[in-house]
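Protein chains in written order, with the working numbering: chain A, 1 to 190; chain B, 1 to 190.
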């Protein structure tokens, strides 16, 4: 249960005045909308590696987080790893849940709806015959991903479902996963 | 610089005997390849939310990690957040780097190539006019993602580039991002 304190201009922990001011500022200077996010990954051993996420470009400037964040990824023991962190696919499921949730909370705030609880479970079914190279007919990625939200707030079920639908329509990660993304890979080897 | 100790059957920290035994076991019983990964997300406040990643189904059984892993996600201050964690898109870039890296290290081990260092930088360019709803012609997700690897090992540049190419061909996250994935969203509201 999340307790939300409503102060003037704030709903669901979102400063709606700042939210609308941000939209106005970007409308006036569309170059402010150009962002570049980054992750830097270092191999540790076997399937264990670690990414650092710090600086990004956005709102017309380079922004540092002073060291940022660090995340281990690994495979589990049944996949020749040691469970030093989640698998890459699990991080992707987390990214999807986080994107949809942040969006719907912002949209609820903009629509004057107070939320008290938002939880979600994301599942990804994957047949490893693909990545193991044992069946060319099986794709490498998930056959499907399912997101199940449980949401409580001061609006009816239909209106709350509308928040999720709007968030889906505006989600960066949902778009990246469903519509395909260009990925370029460069290798410097020695 | 990663120091790799080579023991019989182990290369790059990968137990190649186990790797090949896993392939044999899955070839013999293809149901072992059916996995389901999961993330459970809880909203905290505003754009801040946290995912827990623990149990998964795979290799014919439910497997728990005894509490698993927990990750905060947020938007930065310039996007009405508080930087309690990386953005969802940054987690996705991390997932991509981690997947390609784990794959290429396994493939190198299988091919008898010893690696000494693997680092990568992943960048995602995104124009927020899409998710802000300010331009219908701009997609919500990244216009493109670029991965730049730096790899050192006991093979020539061409052979090392071949490891990355093979990893790309077998990567779950690369497939999920480039080829599009079905996502179903269900909402339970009250």
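We put the CB at the ideal spot given by N, CA and C, even for glycine.
Thinking residue i and residue j are a contact (beta carbons under 8 Å), I'd like their distance in whole angstroms, please.
i	j	result
residue 182 of chain B	residue 144 of chain A	4 Å
residue 109 of chain A	residue 11 of chain A	4 Å
residue 175 of chain A	residue 141 of chain B	4 Å
residue 49 of chain A	residue 17 of chain A	No, residue 49 of chain A and residue 17 of chain A are not in contact; Cβ-Cβ is about 42 Å, not under 8 Å.
residue 105 of chain B	residue 130 of chain A	The pair is not a contact, with the Cβ atoms about 19 Å apart (cut-off 8 Å).
residue 95 of chain B	residue 91 of chain A	4 Å
residue 134 of chain B	residue 27 of chain A	6 Å
residue 97 of chain A	residue 147 of chain A	7 Å
residue 132 of chain A	residue 177 of chain B	Not quite, the Cβ-Cβ distance comes to about 20 Å (not below 8 Å), so this is no contact.
So if DSSP puts residue i in a beta bridge, which residue, or which two residues, is it bridged to?
i	result
residue 143 of chain B	DSSP, once it has assigned bridges, lists no residue as partnering residue 143 of chain B.
residue 124 of chain A	A/145, B/37
residue 15 of chain B	B/10
residue 183 of chain B	A/145
residue 119 of chain B	A/42, B/150
residue 189 of chain B	A/151
Please determine, among the options, the residue with the shortest C-alpha to C-alpha distance to residue i.
i	options	result
residue 52 of chain A	A/116, A/121, A/65	A/65
residue 192 of chain B	A/153, A/59, A/16, A/173	This structure cannot settle anything about residue 192 of chain B, because the visible part of chain B is limited to 1 through 190.
residue 126 of chain A	A/80, A/58, A/93, A/114	A/93
residue 121 of chain A	B/147, B/18, B/186, B/14	B/186
residue 61 of chain B	B/36, B/112, B/100, B/138	B/36
residue 101 of chain A	A/163, A/23, A/188, A/47	A/163
residue 123 of chain A	A/57, A/149, A/26, A/63	A/149
residue 188 of chain A	B/115, B/151, B/73, B/39	B/151
residue 78 of chain B	B/70, B/71, B/87, B/72	B/87
residue 57 of chain A	A/34, A/171, A/45, A/9	A/34
residue 265 of chain A	A/146, A/84, A/138, A/91	Residue 265 of chain A falls outside the range modelled here, since chain A spans only 1 to 190, and no answer is possible.
residue 68 of chain A	B/67, B/41, B/82	B/82
residue 113 of chain A	A/55, A/158, A/25, A/147	A/158
residue 136 of chain A	B/137, B/41, B/29, B/169	B/169
residue 38 of chain B	A/24, A/22, A/39, A/89	A/89
residue 80 of chain A	B/156, B/25, B/155	B/25
residue 29 of chain A	A/9, A/19, A/40, A/59	A/59
residue 128 of chain B	A/15, A/23, A/13	A/23
residue 107 of chain B	B/63, B/119, B/165, B/138	B/165
residue 14 of chain A	B/21, B/118, B/76	B/76
residue 41 of chain B	A/138, A/139, A/119, A/155	A/119
residue 116 of chain A	A/103, A/155, A/138, A/139	A/155
residue 19 of chain A	A/55, A/63, A/111	A/111
residue 103 of chain A	A/184, A/167, A/21, A/9	A/167
By the 8 Å beta-carbon criterion, what residues does the stretch 45 to 77 of chain A contribute toward chain B?
For the stretch 45 to 77 of chain A, the beta-carbon criterion of a distance under 8 Å to any beta-carbon of chain B is satisfied by 45, 46, 47, 48, 49, 51, 53, 56, 58, 59, 63, 65, 68, 69, 71, 73, 74, 75, 76.
Quick one: which unbroken alpha helix (DSSP H) runs of 4-plus residues sit fully inside the stretch 29 to 113 of chain A? Chain order, please.
Entirely contained in the stretch 29 to 113 of chain A, the alpha helix (DSSP H) runs reaching 4 residues are, in chain order, 88 to 110.
Pull out every residue of the stretch 170 to 185 of chain A whose Cβ sits closer than 9 Å to any Cβ of chain B, in chain order.
Answer set for the stretch 170 to 185 of chain A: 170, 171, 172, 173, 174, 175, 176, 177, 178, 179, 180, 181, 182, 183, 184, 185.
Pull out every residue of the stretch 128 to 153 of chain B whose Cβ sits closer than 7 Å to any Cβ of chain A, in chain order.
Answer set for the stretch 128 to 153 of chain B: 128, 129, 131, 132, 133, 134, 139, 140, 141, 142, 144, 145, 146, 147, 148, 149, 150, 151, 152.
Taking only beta carbons into account, state which residues of the stretch 109 to 125 of chain A come closer than 9 Å to chain B, listed in chain order.
Listed by position, the residues of the stretch 109 to 125 of chain A near chain B (Cβ gap below 9 Å) are 109, 115, 117, 118, 119, 120, 121, 122, 123, 124, 125.
Give the residues from the stretch 11 to 28 of chain A that approach chain B closer than 7 Å (Cβ to any Cβ), ordered along the chain.
Cβ contacts with chain B: 12, 13, 14, 15, 18, 19, 22, 23, 26, 27.
Would you list, in chain order, the members of the stretch 85 to 103 of chain B that have their beta-carbon closer than 8 Å to a beta-carbon of chain A?
Residues of the stretch 85 to 103 of chain B whose Cβ lies closer than 8 Å to any Cβ of chain A, in chain order: 85, 86, 87, 88, 89, 90, 91, 92, 93, 94, 95, 96, 97, 98, 99, 100, 101, 102, 103.
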